[in-house]
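Each protein sequence line maps, in turn, to chains D and A.
Residue numbering for the first sequence follows our numbering, starting at 1 and increasing by one per position.
Residue numbering for the second sequence follows our numbering, starting at 1001 and increasing by one per position.
Report on the structure given below.
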Amino acid sequence: MSEKEVKNLEELFEQRIARDEKIEPKDWMPEKYRKTHIRQISQHAHSEIVGMLPEGNWITRAPSMRRKVALLAKVQDEAGHGLYLYSACETLGVSREELYEQLHTGKAKYSSIFNYPTITWADMGAIGWLVDGAAIINQVPLCSTSYGPYARAMIRVCKEESFHQRQGYEIMITLANGTPEQKEMAQDALNRWWWPSLMMLGPTDAESVHTAQSMKWKLKRKTNDELRQQFIDQTVPQAELIGLTIPDPDLKWNEEKGGHDFGEIDWDEFWQVVKGHGPCNKERMDARVDAWEKGEWVRDAAMAYAKKQEDKKLKKAI
Amino acid sequence: MKNENKIQYIYGIADNALILGQRLSELCGHGPNLETDIAMTNMALDLLGQTRSYYQYVAQLSGEDKTEDDIAFLRTERQYKNVLLVEQPNRHFGYVIARQFFFDAFHLLVLEELQNSTDQTLAAIAKKGIKEVSYHQRFSSDWIKRLGDGTEESHQKVQEAVDDLWRYTDELFHITDDDKIAIENEIGVNTVAFREKYDQIIREVLEEATITIPETKWFQKGGKQGIHSEHMGYLLSDLQYMQRTYPNMKW
Chain D
1 MSEKEVKNLE ELFEQRIARD EKIEPKDWMP EKYRKTHIRQ ISQHAHSEIV
51 GMLPEGNWIT RAPSMRRKVA LLAKVQDEAG HGLYLYSACE TLGVSREELY
101 EQLHTGKAKY SSIFNYPTIT WADMGAIGWL VDGAAIINQV PLCSTSYGPY
151 ARAMIRVCKE ESFHQRQGYE IMITLANGTP EQKEMAQDAL NRWWWPSLMM
201 LGPTDAESVH TAQSMKWKLK RKTNDELRQQ FIDQTVPQAE LIGLTIPDPD
251 LKWNEEKGGH DFGEIDWDEF WQVVKGHGPC NKERMDARVD AWEKGEWVRD
301 AAMAYAKKQE DKKLKKAI
Chain A
1001 MKNENKIQYI YGIADNALIL GQRLSELCGH GPNLETDIAM TNMALDLLGQ
1051 TRSYYQYVAQ LSGEDKTEDD IAFLRTERQY KNVLLVEQPN RHFGYVIARQ
1101 FFFDAFHLLV LEELQNSTDQ TLAAIAKKGI KEVSYHQRFS SDWIKRLGDG
1151 TEESHQKVQE AVDDLWRYTD ELFHITDDDK IAIENEIGVN TVAFREKYDQ
1201 IIREVLEEAT ITIPETKWFQ KGGKQGIHSE HMGYLLSDLQ YMQRTYPNMK
1251 W
């Protein structure tokens, strides 16, 4: 294809996106669009799978049968999200094995929030309320993103995430209305998860390298700082309602901008965790690699068995 | 039939579901691939769901101010009446599958009979469980075949698990005094009546999977009397952690 022809295709492509048309797997797309989508969708899929670990940590110790079943179902939903996101990613011509390889070797990233430890039951509430809350704010715009398989996967993901968020907040309500010990547990969890949740919405706009291109392709509809402001304004009254205190002395309502002012985020901590040196980066990766390596003989057996069955069928047919 | 006997009989069924559900939920997020992870979690969810129905019924029968959580989390080890098989640890995927396979075949036969119980509540719980457990049985039988007739390594691993877990299969058919009373009152299931059928199901699948059937005649029992293996205490430490550490709270 000549350079001019590619240029024409690119123009047509950009026009389709501008018209809000969906791009489907078999459509022509610029290489950069494909790569950016593989990066973002796989990063998202990896986050779901790694995200199973901190909550999985409490399934066997959940405090009631109702909570145990709900938590188990929630973590299973995350596996389901991982499954459809990996499938969406595979439509861009990359295999699941390659994607796992990228995760296991540290080449691909996942959401840094999952590198924090879950040390009390209240963390199950805080994760649902804050982490899923921030995730929804990040993800709702993706339901109308330009790449069809991703947009469709996100519609399902978002439905389930908002259920998870309510479930998490409900755990916090119960604790906040409970004994002093339970209330303290809830406040402690909020203290520990608040700032990492704000960081989840990404570096400030000035530092964000992918924002401009992603906005153009509708992979992003709002900037990181806009999303962060939305998250804070939404969450502050929810904390007040249940009598918990947001751990930020600088937090106050700003009438003029119609939103909250808030304190300085510790970006050094953010970059430390992103670069692989958070409290549980090593544990999370070890757990994923361990599951994958220990599962190898099982996957091999399934392949070998399927092949034997296929051969038997062929023999019969002959 | 006295309520206390009935409660003990129900523990004999329900505790199996709780403890196996607990074991399976340890695996959530650590499966050999996503599809299997999701399927095993499904089974855990089914079993824990069944457990809740039984325990809610027990809470009602006990006539005290008890809840399903008191029953699930606040008994002593000796008061749990599950068989030894279901408390055995997840040593590797071969053990998980062999344990599931030995239990599912039995569980399905129990529920198929229990749906005819003169106790309407138990009959209803059983009826609802049959669909779920039929799926469990298909899942574990399929995997027994895949592992047994897959690669040399998988064959060896699942054979090892079958050999080790075989000694816990006889206990499934052990009839306790409470079982006897429940059977006499047409509430409970006489498991001995379908022992042959069970053996046949197991034999057929293992043969198709090219797995050698163990010849040992030495079996272990005790779980149904609340005399468990050393693994049980650790399982309960996790299970009961919150309720023991923070007593009398709502979650």
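The beta-carbon is built from N, C-alpha and C at its ideal position, and this holds for glycine as well.
As the structure is a computational prediction, the values presented were derived from the model and not from experiment.
Contact test: residue i Cβ vs the ligand GDP heavy atom, cutoff 7 Å
i, result
"I49 (chain D)", "The ligand GDP is not part of this structure, which contains no ligands at all."
Beta-ladder partner(s) of residue i, from DSSP
i, result
"Y147 (chain D)", "D:I23"
"H260 (chain D)", "D:W253"
Close Cβ partners of residue i (< 6 Å) along its chain, the five nearest in sequence each way excluded
i, result
"N1185 (chain A)", "M1001"
"V1205 (chain A)", "S1141 and I1144"
"A122 (chain D)", "L175, M185, A186 and A189"
"A1182 (chain A)", "Y1009 and G1188"
"V157 (chain D)", "H81"
"E1113 (chain A)", "V1189"
"Q1100 (chain A)", "S1140"
Under 7 Å from the C-beta of residue i: neighbouring residues of chain A
i, result
"I59 (chain D)", "S1025 and C1028"
"P53 (chain D)", "The sequence shown places Leu at residue 53 (chain D), not Pro. Near L53 (chain D) (Cβ distances below 7 Å), the residues of chain A are G1029."
"K308 (chain D)", "D1149"
Under 8 Å by beta carbon: chain D residues contacting residue i
i, result
"L1074 (chain A)", "Per Cβ cutoff of 8 Å: no residues; L1074 (chain A) is ~11 Å from chain D at best."
"S1154 (chain A)", "W297, V298, D300, A301 and A304"
"K1157 (chain A)", "W297"
Chain-ordered chain D contacts of residue i [CB-CB under 7 Å]
i, result
"A1146 (chain A)", "The residue you asked about is not Ala; residue 1146 (chain A) is Arg in the sequence shown. By Cβ distance, chain D contributes A301, A302 and Y305."
"Y1246 (chain A)", "E181"
"G1049 (chain A)", "V69"
"K1250 (chain A)", "T174 and G178"
"F1101 (chain A)", "Going along chain D, no residue has its Cβ under 7 Å from F1101 (chain A), so there is no contact; the nearest lies around 15 Å."
Where residue i meets chain D, residues with beta-carbon distance less than 9 Å
i, result
"R1052 (chain A)", "M65, R66 and V69"
"S1141 (chain A)", "Result: empty, since nearest Cβ-Cβ is about 13 Å, beyond 9 Å."
"T1151 (chain A)", "W297, D300, A301, M303, A304 and Y305"
Nonlocal neighbours in the same chain, by C-beta distance under 8 Å from residue i, ignoring five residues either side
i, result
"L130 (chain D)", "G168, L190, W193, W194, S197 and T235"
"T245 (chain D)", "Q187, L190 and A239"
"E1207 (chain A)", "I1213"
"V1158 (chain A)", "G1094, I1097, A1098, I1144, L1147, G1148, A1209 and I1211"
"E1171 (chain A)", "V1083, L1084, L1085, F1219, Q1220, K1221, G1222, G1223 and K1224"
"L1267 (chain A)", "Nothing can be reported for residue 1267 (chain A), as the shown portion of chain A is limited to 1001 through 1251."
Own chain residues within Cβ distance below 7 Å of residue i, not counting five before or after
i, result
"L1239 (chain A)", "Q1022 and F1073"
"D1179 (chain A)", "Y1009, G1012 and G1188"
"V75 (chain D)", "M52, E55, G56 and I59"
"K159 (chain D)", "none"
"D233 (chain D)", "G259 and H260"
"P279 (chain D)", "N115, Y116 and P117"
"I1201 (chain A)", "A1105"
8 Å Cβ cut-off: residues of chain A touching residue i
i, result
"W121 (chain D)", "M1242 and W1251"
"Q229 (chain D)", "Here the premise fails: no neighbours, minimum Cβ distance about 33 Å."
"A291 (chain D)", "G1029, H1030, G1031 and P1032"
"G56 (chain D)", "C1028, G1029 and H1030"
"V75 (chain D)", "C1028, G1029 and T1041"
"L72 (chain D)", "S1025, C1028, T1041, A1044, L1045 and L1048"
Neighbour flag for residue i against chain B, beta carbons, 8 Å
i, result
"N1185 (chain A)", "Of the protein chains in the structure, D and A, none is chain B."
Contacts that residue i makes with chain A (C-beta to C-beta distance below 9 Å)
i, result
"A153 (chain D)", "What A153 (chain D) touches in chain A: nothing, since even the nearest Cβ is about 14 Å away."
"L244 (chain D)", "None at all; the shortest Cβ gap to chain A is about 17 Å."
- [ ] Return the residues of the stretch 1010 to 1027 of chain A that lie within a Cβ-Cβ distance of less than 8 Å from chain D, sorted by chain order.
- [x] Cβ contacts with chain D: Q1022, S1025 and E1026.
Task: Near-chain A residues of the stretch 78 to 106 of chain D (beta-carbon distance less than 7 Å), N- to C-terminal order - done: Result list: A79, G80, G82 and L83.
Task: chain D contacts made by the stretch 1031 to 1045 of chain A, where a contact means CB separation under 9 Å - done: For the stretch 1031 to 1045 of chain A, which is checked against every Cβ of chain D, the residues closer than 9 Å are G1031, P1032, N1033, L1034, E1035, T1036, D1037, I1038, T1041, N1042, A1044 and L1045.
Task: Members of the stretch 158 to 189 of chain D that neighbour chain A once the beta carbon cut-off is set at 7 Å - done: T174, G178, T179, E181 and Q182
TODO: Can you give me, in chain order, the residues of the stretch 1056 to 1086 of chain A that have a beta carbon less than 7 Å from any beta carbon in chain D?
DONE: E1068, D1069 and A1072
Task: Contact list for the stretch 1166 to 1186 of chain A against chain D, Cβ threshold 7 Å - done: none
TODO: Name, going along the chain, the residues of the stretch 1232 to 1243 of chain A whose beta-carbon falls closer than 7 Å to a beta-carbon of chain D.
DONE: Residues passing the 7 Å Cβ filter: D1238, L1239, Y1241, M1242 and Q1243.
Open item on the list: Please list, in chain order, the residues of the stretch 260 to 289 of chain D that have any C-beta partner in chain A closer than 8 Å.
Closed with: A287
Task: Length at least 4, wholly inside the stretch 63 to 148 of chain D: the alpha helix (DSSP H) runs in chain order - done: 65 to 90, 96 to 104, 122 to 126 and 132 to 139
Task: Members of the stretch 1184 to 1208 of chain A near chain D, C-beta cut-off 7 Å - done: none
Task: Runs of alpha helix (DSSP H) wholly within the stretch 188 to 214 of chain D (minimum 4 residues, chain order) - done: none
- [ ] Output, in sequence order along the chain, the residues in the stretch 199 to 229 of chain D whose CB is closer than 9 Å to any CB in chain A.
- [x] If the cut-off is 9 Å between Cβ atoms, the stretch 199 to 229 of chain D has nothing near chain A.
TODO: Could you name the residues of the stretch 1092 to 1121 of chain A whose beta carbon sits closer than 8 Å to any beta carbon of chain D, in the order they occur along the chain?
DONE: Within the stretch 1092 to 1121 of chain A, the residues whose Cβ lies closer than 8 Å to some Cβ of chain D are H1092 and F1093, listed in chain order.
TODO: Let me know the beta strand (DSSP E) ranges lying completely inside the stretch 1123 to 1170 of chain A, each 3 residues or longer, listed in chain order.
DONE: Segments of the beta strand (DSSP E) lying fully in the stretch 1123 to 1170 of chain A: there are none.
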